[in-house]
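A.B. asks: Quick one: the structure is below, questions incoming.
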Amino acid sequence: MTANTFNIIRKTSILIIGSGAAGLTLALRIAPLAQVTVLSKGDLKEGATFYAQGGIAAVLDPEDSLESHLEDTMAAGVGLCHRDVVEHVVNRSAEAVTWLVGQGVPFTTKQTKGNKLLSSSTGASNLSSLHLTQEGGHSSRRIIHATDATGKAVFETLRKRAQAHPNIKLLEGCTAVDLVTQKIENEPEDVCVGVYLLNQKTNRVEAIRAKFVVLATGGASKTYLYTTNPDGASGDGIAMAWRAGCRVANMEFNQFHPTCLYHPHAKSFLITEALRGEGAKLELPDGSRFMSKFDGREELAPRDIVARAIDFEMKRLGCDCVYLNITHKPTTFIKEHFPTIYSRCLKFGIDITIDRIPVVPAAHYTCGGVVINRKGETDVRNLYAIGETSFSGLHGANRMASNSLLECFVVAFGAAQSIAEKIQTTEWASGISPWEEGQLRASADEVLVSHNWEEIRRLMWDFVGIVRNNKRLNRADRRIKLLREEIRDHYIKHKVSNDNLELRNLALVSELIITSALKRKESRGLHFTQDYPQTDRVAEDTILLPKP
């Protein structure tokens, strides 16, 4: 062991990487049984959950039905959703909302003009008091929400619960480097026994041993130049799982949200689909509407259709954006239903009660990910993946609005049950080898990292975006392979940093997306290619297997 090697090894029964809705839900569900540590590479709130505006899809209206929710999801997923998984998730939607109400999430109710906190004693019979809105792809009003800041309300409620729980430890400023797997005697498969992490306070790599490791790291939309996601969405969990030997699936299906605020100073601000659910209209610069040319559902068509329509019109006209218009609604209605959007737009000089909102599509959600079963179990024993980093089969070729948060809760419930069944019989690993840095030094030329980061995101936006073709994809494939070599060379020659760890993962996930896109010889949902505009009769997942 050299002088530059150190060995700071912690131990926790359950290690959750990610502090969004999925990670915090699992932590709260399993904490009564064991010690839980939740890692966040930045501030706890810097995940997609905090910024989610829309809501949670659940069947609560007597005139709605579970079958209708199932069929809407299947239709939005363009035949690629796994029906048994959709049924499993949809059937547990009321259970998930009931649990959230019990935690104290302040959902908007019918009886008030704002949010009303439902006490922990509120039972399922009182769910009928919740206000429901409608979003694209849904045939009924079934979106439970907290005005237009549902993610923030859910996150803050669950965070307070987690901070108060004696068995939950929340650690900020910890960037996961890689999973640690071991061969166990007389066992045919690898077992995940912990993780190496970069402690940003000390700039040292540490190790944490765990009986169970859970990836709840979110998606990979930062692979694209324009995105609604926070900066941390660099596909870390997907990349780590791939390197550990897990399959990934359907990485070609990147959802572009149709309406991101177009303004030079408005970084990644999403305009919720609920505006269109409440009657907002999409317009060209001259004020004319256009969605009827693309789909009979017009503004309430699924996201892939709306995003492609906007992209087509922008390219046809050479305009920088289109507009979302809700000015025909009463001022009080707009302010009460969309206070967050009203306030944020006003800061940029846009009064949405009298002004149209300039919008463009932006990368929003990763529909593919680490292959899991209903309980979040991956190909590697004792390794779980939940939330956007996973592929459960729910979303198919296009995620339907507000099914993502629902999936977080339902799969987290299943993972908690799975861990609870195994925890008493699962042994601790004998140990983890310390991280070896040797004589590596910190990079003195970080412009290489920033340049490669920008090049990858521009490459993905230009060649692997809303509309694709083989020429663009093959060019992207050649370039990403060269970039990965450059990034690998930089990584192995220098001490790790948060930036080069994210870049390493971003490059790998970009290659997985490109590889998956090249494999799909059809257009389906979010994957539209000019070379294969037809949709095949038989829908099949794109599954990639890591090399041994």
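Residue numbering for the sequence shown follows the numbering used here, starting at -14 and increasing by one per position. Glycine included, C-beta positions come from ideal geometry on N, C-alpha and C.
(1) Could you tell me the alpha carbon to alpha carbon distance between Asn239 and Ile498, rounded to whole angstroms?
(2) How many Å lie between Ile15 and Ala134 at the Cα?
(3) Cβ of Thr527 within 9 Å of Cβ of Gly354?
(4) Roughly how many angstroms lie between the CA atoms of Glu31 and Asp216, to the nearest whole one?
(5) For Asn310, name the three-state secondary structure that DSSP assigns.
(6) Would you list, in sequence order, the uninterrupted alpha helix (DSSP H) runs of no fewer than 4 residues that lie entirely inside the stretch 160 to 233?
(7) Should the stretch 134 to 149 be regarded as contacting the stretch 5 to 23, the criterion being three or more beta carbon pairs within less than 8 Å?
(8) Smallest Cα separation from Val162: which of Val63, Thr93, Leu530, Glu421?
(9) Should Lys168 be labelled buried (16 or more other beta-carbon atoms within 10 Å of its own) or exposed?
(10) At the level of alpha carbons, what is the spacing between Gly64 and Lys506?
(11) CB Val396 to CB Gly372, shorter than 9 Å?
(12) Look up Ser403 in the DSSP assignment and say whether it is helix, strand or coil.
(13) Taking Cβ to Cβ, would you say Arg359 is nearer than 9 Å to Glu268?
(14) Please report the residue range of the alpha helix (DSSP H) in which Val86 lies.
(15) Of the residues Ile129, Ala348, Tyr350, Lys320, which one's Cα is nearest the Cα of Ile339?
(16) Is DSSP giving His67 helix, strand or coil here?
(17) Using a 10 Å radius around the Cβ and a threshold of 16 neighbouring Cβ atoms, would you call Leu155 buried or exposed?
(18) Any idea what DSSP makes of Phe394, helix, strand or coil?
(19) Is DSSP giving Ala7 helix, strand or coil here?
(20) Quick one: residues in its chain with C-beta nearer than 7 Å to the C-beta of Glu72, no 5 flanking neighbours on either side, listed in chain order?
(21) Just mark Asn540 as buried or exposed, buried being the case when its beta carbon has 16 or more other beta carbons within 10 Å.
(22) Where DSSP assigns a beta bridge to Ser375, which residues make up the other side?
(23) So the candidates are Ala259, Asp516, Ser25, His67; which of them puts its Cα closest to the Cα of Ile357?
(24) Nearest CA to the CA of Leu146: which residue from Lys407, Val291, Thr10?
(25) Take Ser(-2) as the anchor and find which of Leu444, Ala401, Leu529 has the nearest alpha-carbon.
(26) Taking buried to mean at least 16 other C-beta atoms within 10 Å of its own C-beta, is Arg274 buried or exposed?
(27) Under DSSP, the alpha helix (DSSP H) around Ala19 begins and ends at which residues?
(28) So, at 6 Å on beta carbons, what are the nonlocal neighbours of Ser25 in its own chain, with the 5 sequence-adjacent residues on each side left out?
(29) Check Pro533 in the structure and name its three-state DSSP category.
(30) So which of Val90, Thr202, Tyr369 has the shortest CA-CA distance to Leu534?
(31) Do the stretch 382 to 393 and the stretch 314 to 329 make contact, defined as three or more Cβ pairs closer than 8 Å?
C.D. replies: A quick look at the data gives this:
(1) Working through the sequence shown from its first residue, we reach residue 239 at position 254. Working through the sequence shown from its first residue, we reach residue 498 at position 513. Computed Cα separation, rounded: 9 Å.
(2) Residue 15 sits at position 30 when you count from the first residue of the sequence shown. Residue 134 sits at position 149 when you count from the first residue of the sequence shown. Distance between the alpha carbons of Ile15 and Ala134 is about 27 Å.
(3) Counting from 1 along the sequence shown, the entry for residue 527 is found at position 542. Counting from 1 along the sequence shown, the entry for residue 354 is found at position 369. Taking 9 Å as the Cβ cut-off, Thr527 and Gly354 do not qualify as a contacting pair.
(4) Taking the first residue of the sequence shown as 1, we reach residue 31 at position 46. Taking the first residue of the sequence shown as 1, we reach residue 216 at position 231. Distance between the alpha carbons of Glu31 and Asp216 is about 8 Å.
(5) Position 325 of the sequence shown holds residue 310. Strand.
(6) 221 to 229
(7) By the criterion of at least three beta-carbon pairs nearer than 8 Å, the stretch 134 to 149 is in contact with the stretch 5 to 23.
(8) Here residue 162 is taken as the residue at index 177 of the sequence shown, counted from 1. Ranking the options by Cα distance to Val162, first place goes to Glu421.
(9) Here residue 168 is taken as the residue at index 183 of the sequence shown, counted from 1. The residue is exposed, with fewer than 16 neighbouring Cβ atoms inside 10 Å.
(10) Here residue 64 is taken as the residue at index 79 of the sequence shown, counted from 1. Here residue 506 is taken as the residue at index 521 of the sequence shown, counted from 1. Taking the straight line joining both Cα atoms gives about 16 Å.
(11) As a working mapping, residue 396 is identified with position 411 in the sequence shown. As a working mapping, residue 372 is identified with position 387 in the sequence shown. The answer is yes: Cβ separation under 9 Å.
(12) Counted from its first residue, the sequence shown places residue 403 at position 418. Correct three-state label for Ser403: helix.
(13) Numbered from 1 along the sequence shown, position 374 holds the residue referred to as residue 359. Numbered from 1 along the sequence shown, position 283 holds the residue referred to as residue 268. No.
(14) Taking the sequence shown and counting its residues from 1, the one referred to as residue 86 is at position 101. First-last of the alpha helix (DSSP H) with Val86: 78 to 88.
(15) By one-based count along the sequence shown, residue 339 stands at place 354. Of the listed residues, the one whose Cα sits closest to Ile339 is Lys320.
(16) Residue mapping note: residue 67 aligns to position 82 of the sequence shown, counting from 1. Reduced to three states, the DSSP call for His67 is coil.
(17) The residue labelled residue 155 in the question sits at position 170 within the sequence shown. With 16 or more other Cβ atoms within 10 Å, it is buried.
(18) Against the sequence shown, residue 394 aligns to sequence position 409. The answer is helix: DSSP assigns Phe394 an H, G or I state.
(19) By one-based count along the sequence shown, residue 7 stands at place 22. If DSSP states are grouped into helix, strand and coil, Ala7 belongs with the helices.
(20) One-based indexing of the sequence shown puts residue 72 at position 87. Cβ neighbours of Glu72 beyond the five flanking positions: Leu55.
(21) A query on residue 540 cannot be resolved here, the shown segment of the chain reaching from -14 to 533 and no further.
(22) Along the sequence shown, read from residue 1 onward, the residue named residue 375 stands at position 390. According to DSSP, Ser375 bridges with Val355.
(23) If you number the sequence shown from 1, residue 357 lands on position 372. Closest option to Ile357, Cα to Cα, is His67.
(24) Locating residue 146 in the sequence shown gives position 161, where the first residue counts as 1. Going by the sequence as given, residue 146 is Arg instead of Leu. Closest option to Arg146, Cα to Cα, is Thr10.
(25) Start at 1 with the first residue of the sequence shown, and residue -2 comes out as number 13. The shortest Cα separation from Ser(-2) among Leu444, Ala401, Leu529 belongs to Ala401.
(26) Numbered from its first residue, the sequence shown carries residue 274 at position 289. Answer is exposed; the Cβ neighbour count stays below 16.
(27) Within the sequence shown, numbered from 1, the residue matching residue 19 stands at position 34. First-last for Ala19: undefined, no H or E at that position.
(28) Position 40 of the sequence shown, counted from the start, is the residue given in the question as residue 25. Contacts found: Ser4, Glu157.
(29) On the sequence shown, position 548 is the one that residue 533 refers to. Coil at Pro533, not helix or strand.
(30) Residue 534 is absent from the structure shown; the chain starts at -14 and stops at 533.
(31) no
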